[in-house]
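Those letters in the sequence shown? Residues 728 to 970, per the numbering used here, in order.
Here is the structure we will look at, set down as structure tokens.
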Amino acid sequence: MAEPMLKVEGLTVYYGAIRALRGISFEVAAGEIITLIGSNGAGKSTALHAISNIIRKTAGKVFFNGNEISAVPPDRIVSAGLVQVPEGRRIFANLSVRDNLEMGAYSRRAVSSAGRQAVRADMEKVFTIFPRLKERIRQVAGTLSGGEQQMLAMGRSLMASPRLLLLDEPSMGLSPILVDEIFSVVKGINETGTTILLVEQNAYKALALASRAYIFETGEIVKSGFSGDLMKDDAVKAAYLGG
Ligand SMILES: Nc1ncnc2c1ncn2[C@@H]1O[C@H](COP(=O)(O)OP(=O)(O)O)[C@@H](O)[C@H]1O
Ligand SMILES: [Mg+2]
Numbered sequence: 728m729a730e731p732m733l734k735v736e737g738l739t740v741y742y743g744a745i746r747a748l749r750g751i752s753f754e755v756a757a758g759e760i761i762t763l764i765g766s767n768g769a770g771k772s773t774a775l776h777a778i779s780n781i782i783r784k785t786a787g788k789v790f791f792n793g794n795e796i797s798a799v800p801p802d803r804i805v806s807a808g809l810v811q812v813p814e815g816r817r818i819f820a821n822l823s824v825r826d827n828l829e830m831g832a833y834s835r836r837a838v839s840s841a842g843r844q845a846v847r848a849d850m851e852k853v854f855t856i857f858p859r860l861k862e863r864i865r866q867v868a869g870t871l872s873g874g875e876q877q878m879l880a881m882g883r884s885l886m887a888s889p890r891l892l893l894l895d896e897p898s899m900g901l902s903p904i905l906v907d908e909i910f911s912v913v914k915g916i917n918e919t920g921t922t923i924l925l926v927e928q929n930a931y932k933a934l935a936l937a938s939r940a941y942i943f944e945t946g947e948i949v950k951s952g953f954s955g956d957l958m959k960d961d962a963v964k965a966a967y968l969g970g
């Protein structure tokens, strides 16, 4: 097998005395959609934060395209093409849609006229994926609906030209129609060549979209495999797919 795009080895994270991750290991190959499934508090967001290096790892290593990034500053991880869309969106509520999108491109912003042109071209690409954002380009982000805010958070991350996109519960709190829309956008982003690591509580939809999955329970990966196999697994069905 070729070198995986993302390789996580023995990742352990403590919050004070609480061990949130207990030496987890997993891999994502280029082009894949991989999902991390598990109940609330299982450690999924912690895993994404530790990969992005926005929280401290107690132990373990992370490799991106074969290079160890365990100690690389978060902004340089983003520039290298590994970009996280945080849980709960975290858009800049007081800024316009356009300004939020431009913030996503900050690592390349205004360095040259070619850089600015690339940012404009990327913004047009984001508008092809999310036409609703173009209609609302001057709107203050805090006044967008929940679904639109999720689109903005994803659009902002796409402005950083990710090769690997980490998505933390993008469907959380959305109506069923918007959930379907977000899942179909994730599929579309993957089809244009971006590898996806998707954290979801909507296990059924996540397994239907992803080729493989890792199941988290209290800071450990208790099961992993091809989505199709996991969907037929009795324990998985009982715990995550409503029996
Ligand atoms: N900043 C924090 N400080 C202390 N404990 C935390 C913090 N963030 C998460 N935790 C704890 O770590 C565990 C894993 O949380 P999290 O990674 O957010 O789970 P998930 O994303 O799977 O719901 C939980 O027990 C949670 O309460
Ligand atoms: Mg979480």
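By construction, the Cβ of each residue, glycine as well, lies at the ideal position given by its N, Cα and C atoms.
Please read these numbers as outputs of a predicted model, since none were measured by experiment.
Non-local beta-carbon contacts of Met958 in its own chain, meaning distances under 6 Å to residues more than five positions away in sequence, involve Leu934 in chain order. Rounded to whole angstroms, the gap between the alpha carbons of Ile916 and Asp961 is 31 Å.
Rounded to whole angstroms, the gap between the alpha carbons of Pro801 and Ser779 is 6 Å. For the 9 Å CB-CB criterion, Phe791 and Leu733 form a contact. Ile751 is classed as buried because its beta carbon has at least 16 other beta carbons within 10 Å across all chains shown. Judged by their CB atoms, Glu927 and Pro903 are not nearer to each other than the 9 Å cut-off. For Leu879, same chain residues with a beta-carbon under 7 Å away, outside a window of 5 residues either side, are Ile818, Val824, Asn827, Leu860, Ala868, Leu871 in chain order. Straight across, the Cα-Cα distance linking Asp907 with Glu759 is about 20 Å. By alpha-carbon distance to Ile761, the top candidate from Leu893, Gly920, Met899 is Leu893. DSSP assignment within the segment 890 to 957 yields the following whole beta strand (DSSP E) runs of 3 residues or more, N-terminal first: 891 to 895, 922 to 927, 939 to 944, 947 to 953. Near ligand 1, residues with a Cβ at less than 5 Å from any of the ligand's heavy atoms are Tyr742, Ala747, Asn767, Gly768, Ala769, Gly770, Lys771, Ser772, Thr773; the list follows chain order.
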